[in-house]
Amino acid sequence: MLVNMSKGVWWCSTVMMSLTCFPSPVTAFLPPLKCPKKSPATDTTTSFKSVFYQRAMTFQVDLPPDEDLSEILQVAIHASKAAGDIIVGNAGGAEVAERKANTRDLLTLIDPMCEKKIREIVLASFPDHDFLGEEDVSPGKEASENALDAFLEKSNDWLWIVDPIDGTTNFVHGMPLCMPSIAVAYRGDVVVGVIYDPHRNEMFSAIKGEGAYMNGEAIQVGKQNTIGDAVVAMGSPPAVESLEMSLKGVKALMPKVRTIRMLGSAALMLAWVANGRLTCYWEYDLSSWDIAAGALLVKEAGGNFTDLEGKPYNVRVRKMIASNGGNVHHEILKELNSAGVV
Numbered sequence: 138m139l140v141n142m143s144k145g146v147w148w149c150s151t152v153m154m155s156l157t158c159f160p161s162p163v164t165a166f167l168p169p170l171k172c173p174k175k176s177p178a179t180d181t182t183t184s185f186k187s188v189f190y191q192r193a194m195t196f197q198v199d200l201p202p203d204e205d206l207s208e209i210l211q212v213a214i215h216a217s218k219a220a221g222d223i224i225v226g227n228a229g230g231a232e233v234a235e236r237k238a239n240t241r242d243l244l245t246l247i248d249p250m251c252e253k254k255i256r257e258i259v260l261a262s263f264p265d266h267d268f269l270g271e272e273d274v275s276p277g278k279e280a281s282e283n284a285l286d287a288f289l290e291k292s293n294d295w296l297w298i299v300d301p302i303d304g305t306t307n308f309v310h311g312m313p314l315c316m317p318s319i320a321v322a323y324r325g326d327v328v329v330g331v332i333y334d335p336h337r338n339e340m341f342s343a344i345k346g347e348g349a350y351m352n353g354e355a356i357q358v359g360k361q362n363t364i365g366d367a368v369v370a371m372g373s374p375p376a377v378e379s380l381e382m383s384l385k386g387v388k389a390l391m392p393k394v395r396t397i398r399m400l401g402s403a404a405l406m407l408a409w410v411a412n413g414r415l416t417c418y419w420e421y422d423l424s425s426w427d428i429a430a431g432a433l434l435v436k437e438a439g440g441n442f443t444d445l446e447g448k449p450y451n452v453r454v455r456k457m458i459a460s461n462g463g464n465v466h467h468e469i470l471k472e473l474n475s476a477g478v479v
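Anchor point for the sequence shown: position 109 equals 246 in my numbering, and the numbering is continuous, going up by one each time.
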């Protein structure tokens, strides 16, 4: 049970004691412990669907108490580490169990295994929280949009948004570019994000308003100021429309930027924008579980995350661009829009 303690020092010692409830690797990945800031009172009376949905889309919500967010972060790290161990244990590749939306949208037997493990860990600590996992949703854009909308329209404040293995095609072929991505939204606003790269043992984490971290150390986006210095990542999407837009985008950007990379994992590319390895990552159509955790990481690391029209991120955004912000963001967005990518 989460208890809102009024004395910050007492809370800090309580959290430190609670860390012993989790396997020791979890503590190594946590950012520096902070005593809670005073949070505005949370409105517990407005649980009607229409009010909740409006808040989810506008993000005019009060943050929950810091101790709640810290406990959620601990569980998200624990769950991502457990799923990562499964991925590494099958790192030599996996047999394709199913083709989903098309022949290039793959599913292995390991994907639902990882999701099951994450779900068990999450619901053991937070049985009243909602859980949206990729493997519970039918293939296709409409199905993923409808699944997210169904949860946003409910009155439950908390929603976990999970991709158990982001980069399944990489996983199938034994490439170490695949990982779990876990985000937690409070009244539609992403407030906790965790991406764990088990191949490099890099745990990326963020709490809204507290900065972004890798293995407990603060990270920041890159310092590039012009499009010519930008290392840009993009996808190789399976859907026909997204593929056409990607080809337009690469043709427009290749002569302008330093280089383009396609790594096959949205989670990884977003985490690498957050820590400065990449300058920018854009994609024409992704689901909420692909980008929710990474969006928070990028923003907390000082970057910018918008849709392809330059509008601020929300959990329903599918056409996205993440960058170190400033001139680079605007210049790349301008090039994409001029090429018809919007």
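Even glycine gets a Cβ: it sits at the ideal position worked out from N, Cα and C.
When secondary structure is reduced to three states using DSSP, G365 falls in the helix class. When H215, A343, N461 and V309 are compared, the shortest CA-CA separation from G401 is found for V309.
For a cut-off of 8 Å, the C-beta gap from L445 to L473 is around 6 Å, short enough to register as a contact. With a 10 Å radius around the Cβ and a threshold of 16 neighbouring Cβ atoms, D427 comes out buried. Contact between A459 and Y418 holds, with the beta-carbon distance rounding to 5 Å and staying under 8 Å. Looking from the CA of A220, the closest CA among D248, L200 and N441 belongs to D248. Note on geometry: alpha-carbon atoms of E381 and L390 lie some 14 Å from one another. With 16 or more other Cβ atoms inside 10 Å of its own Cβ, T305 counts as buried. The C-beta distance from P313 to H336 rounds to 4 Å, short enough to fall under 8 Å.
By the beta-carbon neighbour count (other beta carbons within 10 angstroms, threshold 16), D273 is exposed. Put simply, of F442, V387, T245 and E420 the residue whose alpha carbon is nearest the alpha carbon of I224 is T245. Contact between the stretch 348 to 359 and the stretch 259 to 271 is absent, with fewer than three C-beta pairs closer than 8 Å. V212 and F166 have their C-alpha atoms roughly 12 Å apart. A distance below 7 Å separates the beta carbons of A320 and I298. Per DSSP, the continuous alpha helix (DSSP H) segment holding C251 begins and ends at I247 to S262. Counting along the chain, E378 sits inside the alpha helix (DSSP H) bounded by residues V377 to L390. Here the stretch 323 to 341 lies against the stretch 199 to 206, with 3 or more beta-carbon pairs under 8 Å apart. Put simply, the backbone Cα of M250 is about 43 Å away from that of N362. Of R455, V454, K456 and N441, the smallest CA-CA separation from N464 is found for N441. Counting the other Cβ atoms within 10 Å of the Cβ of R395 gives fewer than 16, which makes it exposed.
Here the alpha carbon of N307 sits roughly 6 Å from the alpha carbon of C315. In its chain, beyond the 5 residues on either side, N441 and S460 have a beta carbon closer than 6 Å to the beta carbon of H466.
If you draw a straight line from the Cα of R256 to the Cα of G462, it is about 34 Å long. Under the three-state reduction of DSSP output, S275 falls in the coil class, being neither helix nor strand. With fewer than 16 other Cβ atoms from the protein chains shown falling within 10 Å of its own Cβ, M399 counts as exposed. Per DSSP, reduced to three states, the secondary structure at T306 is helical. In the structure shown, the three-state DSSP call for A320 is strand. Between K471 and the set L269, K393, L423 and D199, the nearest pair of CA atoms involves K393. Just so you know, the alpha carbons of S373 and G386 end up roughly 11 Å apart. The closest CA to that of V369, considering only P317, E468 and F288, is found on E468. By DSSP's assignment, F341 forms a beta bridge with I332 and M351. Boundaries cannot be given for A476, as no alpha helix (DSSP H) includes it and DSSP labels it neither H nor E.
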